[in-house]
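See structure below.
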Amino acid sequence: MNSSGKATAARGRKASAKSVPAQAPARPDATLQRRGVERVQAILDAAEAILGEDGYEAATLKAVGERAGIPTASVYHYFADRHQVDTQLLLRHINNVNVAVRDSLSRLDSAPTARAIVDAVIDPTVSYFRTHPSAVELWFRRTAADADANAVQTYDDETAAYVHSLAVSLGILRESTPVLVMQTAFEVGNSLFDVAFRRSPRTGDDDTLDEARLMLSLYFEAYAPGTD
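Below is the structure:
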């Protein structure tokens, strides 16, 4: 091969080498981020377990860290105080309840009764509270932080608006029914849920829950089409 051919071959080898991208090394920050997410979930899981087993007072950051197998100092790296743990855990519960309620409502038939839509909201909520006692501890706790109370109120307001729209579209409520009617129903429902789970902390008092179903069903029937 002459010198011109050798130069051409060399340039080809260089171009070929450049065309194969080098594999990027693992990013240390991505590994740390994943580890951080795993630790946060472990802390929340530990807090949920302690709240459900031993109640609110027992779920200190020290106890949560020990349960999660994470040093207390490391727990403070992710949460400044226990109220932040409470809020994050409550938000997780709210999201799960929201998913369950929306799924339940999506399975209503095309011409449901007022009682059917009441049950579609109450049934999955009661079921979730019974299997997640820590949710009850945080949802109805008397000393709830402002952030916790606001989170529950936001859920109630958003779900009330959704159920109101659905109830009107399904002919359960007349079109002129103000959303205030559904917001009031959620306020009443929350209060009765609180009473039910104070009377029977693990399962919720069935008699109180039945009264809630009856009360809300009759309330909605007063706003049914043709009743104005």
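Going by full-length UniProt numbering, the letters in the sequence shown line up with residues 1 to 228, in that order.
Even glycine gets a Cβ: it sits at the ideal position worked out from N, Cα and C.
Remember, predicted model here, so these are calculated numbers, not experimental data.
By how many angstroms is the C-alpha of residue j removed from the C-alpha of residue i?
i           : j           : result
residue 127 : residue 120 : 11 Å
residue 140 : residue 131 : 16 Å
residue 196 : residue 222 : 25 Å
residue 133 : residue 86  : 13 Å
residue 209 : residue 193 : 7 Å
residue 63  : residue 147 : 23 Å
residue 217 : residue 202 : 25 Å
residue 66  : residue 38  : 16 Å
residue 45  : residue 77  : 17 Å
residue 188 : residue 33  : 42 Å
residue 107 : residue 71  : 45 Å
residue 56  : residue 138 : 8 Å
residue 219 : residue 167 : 13 Å
residue 184 : residue 177 : 12 Å
residue 101 : residue 53  : 25 Å
residue 99  : residue 92  : 11 Å
residue 80  : residue 40  : 13 Å
residue 158 : residue 228 : 26 Å
Just to confirm my understanding: we take residue i, look at its own chain, exclude 5 residues before and 5 after, and list those with CB closer than 8 Å. What are they?
i           : result
residue 94  : 151, 152, 155
residue 97  : 124, 125, 128, 135, 155
residue 199 : 205, 208
residue 104 : 120, 121, 123, 124
residue 211 : 192
residue 213 : 115, 118, 119, 122
residue 179 : 160, 161, 164
Whole-angstrom Cβ separation of residue i and residue j, contact assumed at under 8 Å?
i          : j          : result
residue 75 : residue 43 : 6 Å
residue 61 : residue 82 : 5 Å
Identify, in the order they occur along the chain, each residue of the same chain with its Cβ nearer than 7 Å to the Cβ of residue i, setting aside the five sequence neighbours on each side.
i          : result
residue 58 : 50
residue 17 : At residue 17, the pLDDT of 48 sits below 50, so the modelled position is not reliable; the number obtained from the coordinates is stated separately. No residues qualify anywhere along the chain.
Excluding the 5 residues flanking residue i on each side, which residues of the same chain have their C-beta closer than 6 Å to its C-beta?
i           : result
residue 182 : 160, 163, 164
residue 47  : 59, 64, 85, 89
residue 68  : 42, 43, 46
residue 186 : 156, 160
message: So, does the region 167-175 touch the region 100-117, judging by three or more C-beta pairs under 8 Å?
response: A contact exists between the region 167-175 and the region 100-117.
field: Length at least 4, wholly inside the region 113-193: the alpha helix (DSSP H) runs in chain order
entry: 114-131, 133-139, 146-169
query: In chain order, which continuous runs of the alpha helix (DSSP H) of length 4 or greater are located wholly inside the region 59-108?
result: 61-68, 72-78, 82-106
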